[in-house]
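Protein chains in written order, with our numbering: chain A, 1 to 350; chain B, 1001 to 1329. Before any comments, here is the structure.
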């Protein structure tokens, strides 16, 4: 079992530096009233043909023309500079479900004005305006929300994220982590850019306490069940060694049979599952009825029906949304997997 | 002079359609806007919707128009070049080749600027030109193009280029949206920067093709006759090949592969105003721009989420292609 490495609540690896405030740069076209003269367009075109930069691109994020108020600048997970707002921004747009969950957990729900169509947790998020999906967020909708802060995720198309930035929105991009330990820095970063540092710390402390409770209850596990996680798509997808679910399985006193594959998500062949013959199977499903369908399919499959886990009815349900989002509910998943596999350690019957 | 009135009527209709298309594009989008909002912006009374109208919708409409014009002009040139109404940058494989080049430039991090070309457009141009030259050489038999060979070679070369593009894209893990963009085309990310990247090449190509249109007319009589009539056949052919690849490559590097525009539009225009390339080139460009403008409008409005525009143009163009193929027999 992996050692729970206790991180200090402020162990943040954000290179901070100060710079003068100048980030509120709109692209040169935003505030144009008169139609652009045709001759100027021709001139620009000729210039661009000569390899001279066209002025559209010339407005960088640091063209200093604002008032020289001191403002802290941090870097997001893409290494792009981001000017910290002085107080909690209003009109926040979240571009991924896990970010939405963290924002609501920090009590920022009332400030959130835009979420993706996949953001269904907490239920309040359903009432917020939809900006599109993860890979197809709509720039126009986001722009019309006049966001004070856009929190994007590394899986959003980079070009759309850049476009939003060019249009003048403050954009902060976050990556997702490879393990539960990276959830806390993520929460801290969201707390930092929303100026909710204390709330973020409190949330992390609470989650970490639950994580440690699970790990303490488990203690040292000698016989670790071998587990297979199923995400049904076109084929049998599962979580590889680089996924956070792999980390969570390891922390719940179990072994992921696909841990050796150095990827996040892996298409796992049936032959390999039969060969590995897992002790338990977890199915990621949207609902109990989806799960029932998937379990029925699994026992009906000629080769998979003979697996020990299936024959012994050790096939369990994991809420797909909670388990596939790098957010606070991962701790619930940890708790659930640990209790399912080691009920005796939590005061239940084996 | 029946032809002349026809041309003028077509020009007027196209200009009117284009203007209406631009107007509709400005007013259509996920954010509700009214002609009143637009009027308030134009008259300088409100800046509220400036970003949406100018930075997002207008730039997108202009780019769609320019790309449509480029593709249609490229198609018109290729159809004259191969003397075959079924040639088009997509069918001949230039578009797929160009997209391979653009994606390779992205994957290799190749971003030098060379004569105003971005590294991406440069590689797109080179590989597009490479593919069309290959198709040219393979389908040329004893000085004539066999139509079947031309089409099959182009399709095979295009499929190969698309497969390589997919391979490059799937090597990187976070590239699903990129694959859709490069293989099916989209104007979702259109901006003035992209407009600035396309416009000069289109302008130069339009001028050059107008300059050489007479020679293209001569080529229609056969290379030997053209040569006898004083047309420097080999140079003209080279120039046209370069122009058409350039147009296709530039279009692809800003909007991904958009098929069939170059096939359908020049064909329609030829039916309407006849085969004189001096008229055909500019009219096809205008019509292509208008056509793609409306296709983009459809792509944005049919579903709540945006469709890749290649889906729309293929839905219009592929049946047309089949119809032409059937007529040939």
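Virtual Cβ for every residue (Gly too), placed ideally from N, Cα, C. Just so it is clear, the structure is predicted and the values come from calculations on it, not from any experiment.
Within the region 1101-1160 of chain B, the alpha helix (DSSP H) runs of at least 4 residues that lie entirely inside it are, in chain order, 1119-1139.
For residue 341/A, there are no neighbours in chain B by C-beta distance under 7 Å, as the nearest C-beta there is about 30 Å away. Interface flag for residue 139/A against chain B is set, since a Cβ pair is found closer than 8 Å.
Per DSSP, the unbroken alpha helix (DSSP H) holding residue 185/A starts and ends at 183-193.
A Cβ-Cβ separation of about 18 Å leaves residue 1108/B out of contact with residue 159/A under the 8 Å criterion.
For residue 1305/B, the residues of chain A that pass the 9 Å Cβ criterion are 117, 132, 133, 136, 138, in the order they occur in the chain.
Taking a C-beta distance under 8 Å as the contact criterion, residue 1021/B and residue 1313/B do not qualify as a contact pair. Within chain A, 159, 160, 163 have C-beta atoms less than 7 Å from the C-beta of residue 1189/B, given in sequence order. Counting every other CB atom within 10 Å of its CB across the protein chains shown gives residue 331/A a total of 16 or more, marking it as buried. Close to residue 144/A, with beta-carbon spacing below 7 Å, are these residues of chain B in chain order: 1031, 1052. Within 10 angstroms of the beta-carbon of residue 1194/B lie 16 or more other beta-carbons, which makes it buried. If you draw a straight line from the Cα of residue 304/A to the Cα of residue 345/A, it comes to about 30 Å. Residue 184/A and residue 214/A have their C-alpha atoms spaced approximately 17 Å apart. Here DSSP, grouped into helix, strand and coil, assigns residue 71/A to strand.
Secondary structure at residue 1181/B: helix, using DSSP grouped into helix, strand and coil. DSSP links residue 255/A through a beta bridge to 226/A. At the C-beta level, residue 1260/B and residue 1299/B stay beyond 8 Å of one another. In this model, residue 1161/B and residue 1097/B are separated by some 5 Å (Cα to Cα).
CA-to-CA, the gap between residue 293/A and residue 232/A works out to about 11 Å. Residue 1153/B is classed as buried because its beta carbon has at least 16 other beta carbons within 10 Å across all chains shown. For residue 149/A, the three-state secondary structure derived from DSSP is strand. Counting along the chain, residue 281/A sits inside no alpha helix (DSSP H); it lies in the beta strand (DSSP E) bounded by residues 280-285.
Exposed is the label assigned to residue 1023/B, since fewer than 16 other Cβ atoms lie within 10 Å of its Cβ. Per DSSP, reduced to three states, the secondary structure at residue 319/A is strand. Pairing residue 1089/B with residue 1071/B gives a Cβ-Cβ distance under 8 Å. The C-beta distance from residue 1202/B to residue 1061/B rounds to 15 Å, too long to meet the 8 Å contact threshold. Scanning the region 120-166 of chain A from its first residue to its last, the whole alpha helix (DSSP H) runs of 4-plus residues come out as 139-144, 158-166. Membership of residue 291/A in the alpha helix (DSSP H) is indicated by the continuous run 288-300.
In the three-state reduction of the DSSP assignment, residue 1043/B falls in the coil class, being assigned neither a helical nor a strand state.
Burial state of residue 1302/B is exposed, judged by a 10 Å Cβ sphere holding fewer than 16 other Cβ atoms.
Sequence-distant Cβ neighbours of residue 1084/B in its own chain, meaning closer than 6 Å and more than five residues away, are 1147. Only exposed fits residue 1211/B, as fewer than 16 other CB atoms lie within 10 angstroms of its CB. Beta-bridge partners of residue 232/A (DSSP): 236/A.
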